[in-house]
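A.B. asks:
Chains as they are written, first to last, in this note's numbering: chain W, 4 to 240; chain Z, 4 to 240.
1. Which whole-angstrom value describes the C-beta separation of residue 239 of chain W and residue 181 of chain W, a residue pair presumed to lie in contact below a C-beta threshold of 8 Å?
2. Tell me the rounded alpha-carbon separation between residue 223 of chain W and residue 34 of chain W.
3. Quick one: list the residues of chain W neighbouring residue 197 of chain Z, beta-carbon separation under 9 Å, in chain order.
4. Name, please, each residue of chain Z whose Cβ falls closer than 8 Å to the Cβ of residue 177 of chain W.
5. What residue does the beta strand (DSSP E) around residue 6 of chain W start on, and which one ends it?
6. Using 8 Å as the threshold, is the C-beta distance between residue 72 of chain W and residue 119 of chain W below it?
7. Hey, is residue 233 of chain W's beta-carbon within less than 8 Å of any beta-carbon in chain Z?
8. Hey, out of W:110, W:112, W:13 and W:95, whose CA is closest to residue 104 of chain W's CA?
9. Heavy atom of the ligand GDP less than 7 Å from the Cβ of residue 41 of chain W, yes or no?
10. So the candidates are Z:48, Z:217 and Z:190; which of them puts its Cα closest to the Cα of residue 1 of chain Z?
11. Kindly give me the distance between the Cβ atoms of residue 70 of chain Z and residue 228 of chain Z, rounded to whole angstroms, as I take these residues to be in contact under 8 Å.
12. Give a yes or no on whether the minimum CB-CB distance between residue 100 of chain W and chain Z is below 8 Å.
13. Is the CB of residue 138 of chain Z under 8 Å away from at least one CB in chain W?
14. Residues of the region 203 to 228 of chain W in Cβ contact with chain Z at a cutoff of 8 Å, in chain order, please.
15. Taking Cβ-Cβ distances below 7 Å as the criterion, which residues of the region 116 to 142 of chain W are in contact with chain Z?
16. Could you list which residues in chain Z have their beta carbon closer than 7 Å to that of residue 2 of chain W, in chain order?
17. On a CA-only basis, which of Z:184, Z:25 and Z:107 is nearest residue 152 of chain Z? Give me that one, please.
18. Name the DSSP bridge partner or partners of residue 147 of chain W?
19. Looking at the strands, I want to know which residues DSSP matches up with residue 234 of chain W.
20. How would you call residue 135 of chain Z, buried or exposed, if buried means at least 16 neighbouring beta carbons within 10 angstroms?
21. Note down the Cα distance separating residue 110 of chain Z from residue 126 of chain Z, rounded to an integer number of angstroms.
22. List the residues of chain W whose Cβ lies closer than 7 Å to the Cβ of residue 174 of chain Z, in chain order.
23. Across which residues does DSSP place residue 212 of chain Z in a beta bridge pair?
24. When you compare each of Z:219, Z:22, Z:13 and Z:97 to residue 165 of chain Z by their alpha carbons, which one comes out closest?
25. What's the call for residue 202 of chain Z, buried or exposed, on a 16-neighbour Cβ count within 10 Å?
26. Just verifying my parser: in three-state terms, what is the DSSP assignment at residue 44 of chain Z?
27. Please tell me whether residue 62 of chain Z and residue 18 of chain Z are closer than 8 Å, where the distance is taken between their beta carbons.
28. By the DSSP assignment, the beta strand (DSSP E) with residue 64 of chain W in it spans what residues?
29. Could you pull out every residue in the same chain whose Cβ sits closer than 8 Å to the Cβ of residue 90 of chain Z, ignoring the five residues on either side in sequence?
30. Roughly how far, in whole angstroms, is the beta-carbon of residue 211 of chain Z from the beta-carbon of residue 170 of chain Z, given that I think they are within contact range, below 8 Å?
31. At a CB distance below 7 Å, what residues from the region 71 to 100 of chain W approach chain Z? Give them in sequence order.
32. Ignore the nearest five residues each way along the sequence and tell me which others in residue 159 of chain W's own chain have a CB closer than 6 Å to its CB.
33. Looking at C-alpha atoms only, which residue of Z:27, Z:32 and Z:195 is the closest neighbour of residue 114 of chain Z?
34. Taking the C-alpha atoms as reference points, what is the distance between residue 98 of chain Z and residue 51 of chain W?
35. Using only CA atoms, which one of W:237, W:27, W:235 and W:43 lies nearest to residue 138 of chain W?
36. In the DSSP output, which residue or residues are listed as bridge partners for residue 12 of chain W?
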């Protein structure tokens, strides 16, 4: 099944230019055919193609279906972007595939990357959403200072994962409570969070965790953390 | 900490050429300095450098230490290689990082890739082992037909993950018994295992599983499966 992405399909009743081109020029879909369209907000539409305009193919919606995501916890992964953008792009694809609601690039003291262009990450997330047959696109925030995340973003459970063994941590797999409504986890850069940053997070109620005895790269840690929520949720389902 | 890889260090008392070059030419390590060397078989050596020959730097072993892996279950991931080799390389890096003992590329009926050169995957595994400070290198097998794996490779628990919903499956997270001594999981190609292949595996005692309701790419499924073993083991530790 091919899904086309049209975030405003209900208002415009048209496929955006790149999707229209793919549908008409590449796949040579003919007017009158049925196509599946997702809006990235959790809805899937069965649409009938009205014309073959490759710039803004018009459709009529025949069916609208709210797609229940495969996971029920609202998951936010806040991660210090890696120096190598390939690794961030890979992470965005994989988080979208296994299921995440929000990705926040975190600016912290030891960040290897202080700026990030999120347009390409958004394109990768759209492609992974389509490929994995989801209807919900993860929100990708612009670079956000750690302090803002700690003070402004609320969740039922809030975790910070770091490497510094001198500040006690518990195992994420044991601390996470299955089925909680919303969760956020902070993942630091290769150089780890600064002790001052860890202290601030703990002072405002974050739970200090480790992902185990393995030394993981930043992007691997972010994926393993998100996967931990899914697996613990599955165990109690 | 930088680890040099020398699989035969105890016999040769020399770093192999590429490691010697890195040690002497790039890092400009001087004779008399201490260097850490791993053999990929679970041992870490503290060695004193005797000369600065960039082709086969000689050392004397001052300390030998058996490194206990962070996981106790012997894990084999048998996976149908993806068409795109980048995805197999990425998977090899990530499996090595999170911890795996054996990676077997599986040849099956719907395989997108019928041949694979494993030399590059081995180099990637070595680099990931060094980077994640492990001392044990996963074994990487050449391409192996599914039937040989099913008949020849033994493990305490044997799983096959597939997508076909018409052949009943259980959730891997619930079926895997924490702390089992050895486990193998089979992960099929994008086009899934053939029903005949599934039947043969089940007939010889494989447990049919799903990784959840998400549609995952082959390499993502392989990583998530391996991670599931680690997380369930952690819960019972």
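The beta-carbon is built from N, C-alpha and C at its ideal position, and this holds for glycine as well.
C.D. replies: Looking at the coordinates:
1. 4 Å
2. 45 Å
3. None at all; the shortest Cβ gap to chain W is about 21 Å.
4. 237 and 238
5. 6 to 8
6. No, the Cβ-Cβ distance between residue 72 of chain W and residue 119 of chain W is not below 8 Å.
7. yes
8. W:95
9. Absence of the ligand GDP is noted for the structure shown, with no ligands found whatsoever.
10. Because chain Z in this structure spans residues 4 to 240, residue 1 of chain Z falls outside the shown range and cannot be described.
11. Rounded, the Cβ-Cβ distance is 25 Å, inconsistent with contact.
12. Taking CB atoms only, residue 100 of chain W has a neighbour in chain Z less than 8 Å away.
13. no
14. For the region 203 to 228 of chain W, which is checked against every Cβ of chain Z, the residues closer than 8 Å are 215, 216, 217, 218, 219, 220, 223, 226 and 227.
15. 135 and 136
16. Because chain W in this structure spans residues 4 to 240, residue 2 of chain W falls outside the shown range and cannot be described.
17. Z:107
18. W:109
19. Paired residue(s): none; residue 234 of chain W is not in a bridge.
20. buried
21. Those two C-alpha atoms are separated by around 22 Å.
22. 237
23. Z:164 and Z:173
24. Z:219
25. exposed
26. DSSP places residue 44 of chain Z in strand when its eight states are reduced to three.
27. The criterion of a C-beta distance shorter than 8 Å is satisfied by residue 62 of chain Z and residue 18 of chain Z.
28. 62 to 69
29. 220, 221 and 222
30. 6 Å
31. 73, 93, 97 and 100
32. 183, 184 and 185
33. Z:195
34. 44 Å
35. Among W:237, W:27, W:235 and W:43, the Cα nearest to that of residue 138 of chain W belongs to W:43.
36. For residue 12 of chain W, which the question treats as bridged, DSSP gives no partner whatsoever.
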